[in-house]
Amino acid sequence: MPSISSPGETDTAPRPGGTAPFAGRTVSRIGYGALQLDRLRGDRATALALVRRAIERGVDHIDTAQFYGDGYANEILREAVGPGDDVMIVSKVGATANPGGPIPLRLAQRPEELRAGVEDNLATLGVDHIPVVNLRRSDSGPGLPPEGDQVVDLDDQLAEMTAMRDEGKIGGIGLSGVGLDGVRRAVPAGIACVQNAYSLVCRDDEDLLRLCAAEGIAWVPFFPLGGNVFPGMPKVTDEPAVRAVAESLGVTPSQVGLAWLLHHAPNVLLIPGTGDPAHLEANLAVGDITLDAAALAALDAVESRSNQVSLG
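FYI, the numbering used here numbers position 100 of the sequence shown as 108, with every residue one higher than the one before it.
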């Protein structure tokens, strides 16, 4: 089986948002998150066309997971992304799908579960190597609280992830849902990225973001516009300052929220997800938005609230 990507291809389209280093490569700062592909489960042709359109527009960083639609997102990517596209597909482990359950996923934190998760991703993506795999924990931000045998020491997990890297199954190791102390512990193992809930209105991890920038670790925020999944989690688009900046620039509040992230730190990589072609174009256009000093000052002054919301 081939690898999911091979560096060195010549780009034919400008990469949206410009570029930034990631796990030894240079990728578009605006990528695509495949979570929303499951909304197109009944329209496979549209799902495939959406991914192809993102690639044609210069996206070369796609984020996925086996538990996105219980393998559906990976299946779409397997069909839509060819070896000549030079697209870096990043996956994650630490949870599994829970179809029909009250919560659509459950934690899978034990080392043997992490290995099984990598094997499942390899199978559904149809590859023998994944450039980066994120270890999804629940130390920080919203999500399921670990209980019982799902309370696993980070060092034990990193040992398994490192073993799979040594075996060539994965390339870089990423961390998701982690705190500052956890990343400090993990840095010696070699960390490619951190994926945490982070947005203009939820900036709990500012110290962690600075650490990642200093260590050359990519910062890949999820819930980049706040949340509508968790009750009580603030939304970027509700902020008067965001709406005012959007009106002055003739763009949407969502675009302003994403543009702020790109301006805030050079190691930020965005992976906004959507199942709608028009929304995809709006997300990619964020890279063309310039925020001047006055706009940035107004946005930086927005109050940050905690993202510590639990599903448990």
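Built from N, CA and C at the ideal position, the CB exists for glycine as well.
Local conformation of residue i per DSSP, three classes
{"i": "Gln263", "result": "helix"}
{"i": "Val35", "result": "strand"}
{"i": "Asn204", "result": "coil"}
{"i": "Gly50", "result": "coil"}
{"i": "Gly185", "result": "coil"}
{"i": "Ala286", "result": "helix"}
{"i": "Thr298", "result": "coil"}
{"i": "Pro139", "result": "strand"}
{"i": "Gly190", "result": "helix"}
{"i": "Pro232", "result": "strand"}
{"i": "Pro239", "result": "coil"}
{"i": "Pro29", "result": "strand"}
{"i": "Ala273", "result": "coil"}
{"i": "Gly156", "result": "helix"}
{"i": "Arg61", "result": "helix"}
Neighbourhood of residue i by C-beta, 7 angstroms cutoff - its chain only, sequence neighbours within 5 removed
{"i": "Pro154", "result": "Leu115, Gln117, Ser146"}
{"i": "Asp300", "result": "none"}
{"i": "Ala62", "result": "Tyr40, Leu288"}
{"i": "Leu304", "result": "His271"}
{"i": "Pro280", "result": "Gly41, Pro232, Leu266, Asn291"}
C-beta contact flag for residue i and residue j at 7 angstroms
{"i": "Arg37", "j": "Gly25", "result": "yes"}
{"i": "Leu288", "j": "Leu278", "result": "no"}
{"i": "Ala221", "j": "Leu307", "result": "no"}
{"i": "Asp68", "j": "Val98", "result": "no"}
{"i": "Thr72", "j": "Ala31", "result": "no"}
{"i": "Asp164", "j": "Pro119", "result": "yes"}
{"i": "Pro139", "j": "Met169", "result": "no"}
{"i": "Ile199", "j": "Leu183", "result": "yes"}
{"i": "Asp128", "j": "Gln74", "result": "yes"}
{"i": "Gly235", "j": "Val244", "result": "no"}
{"i": "Pro232", "j": "Leu270", "result": "no"}
{"i": "Pro110", "j": "Asp78", "result": "no"}
{"i": "Trp227", "j": "Leu217", "result": "yes"}
{"i": "Ile178", "j": "Val202", "result": "no"}
{"i": "Gly134", "j": "Arg60", "result": "no"}
{"i": "Leu166", "j": "Ala131", "result": "no"}
Close Cβ partners of residue i (< 6 angstroms) along its chain, the five nearest in sequence each way excluded
{"i": "Ala55", "result": "Leu45, Leu48, Ile84"}
{"i": "Gly149", "result": "Gly185, Asn204, Ala205, Asn315"}
{"i": "Arg23", "result": "Ser36, Gly66"}
{"i": "Gln158", "result": "Leu115, Gln117"}
Chain-order list of residues whose beta-carbon lies under 8 angstroms from that of residue i (same chain, five-residue window excluded)
{"i": "Gly224", "result": "Pro29, Asn275"}
{"i": "Ala57", "result": "Pro285"}
Residue i at chain C interface by Cβ criterion, 7 angstroms
{"i": "Glu168", "result": "Included in the structure is just one protein chain, with no chain C present."}
- 4 or more residues per run - each alpha helix (DSSP H) lying fully within the segment 64 to 137: Within the segment 64 to 137, the complete alpha helix (DSSP H) runs of at least 4 residues are 80 to 88, 119 to 133.
- Item | the segment 301 to 315 / the segment 98 to 112 touching (three or more Cβ pairs under 8 angstroms) | Three or more beta-carbon pairs separated by less than 8 angstroms are not found between the segment 301 to 315 and the segment 98 to 112, which leaves the two stretches without contact.
- Decide yes or no for the touch test of the segment 207 to 220 against the segment 171 to 184: beta carbon pairs closer than 8 angstroms, at least 3 of them. no
- Query: Between the segment 252 to 267 and the segment 191 to 198, do three or more beta carbon pairs fall short of 8 angstroms?
  - Reply: Flag = no, the segment 252 to 267 and the segment 191 to 198 do not touch.
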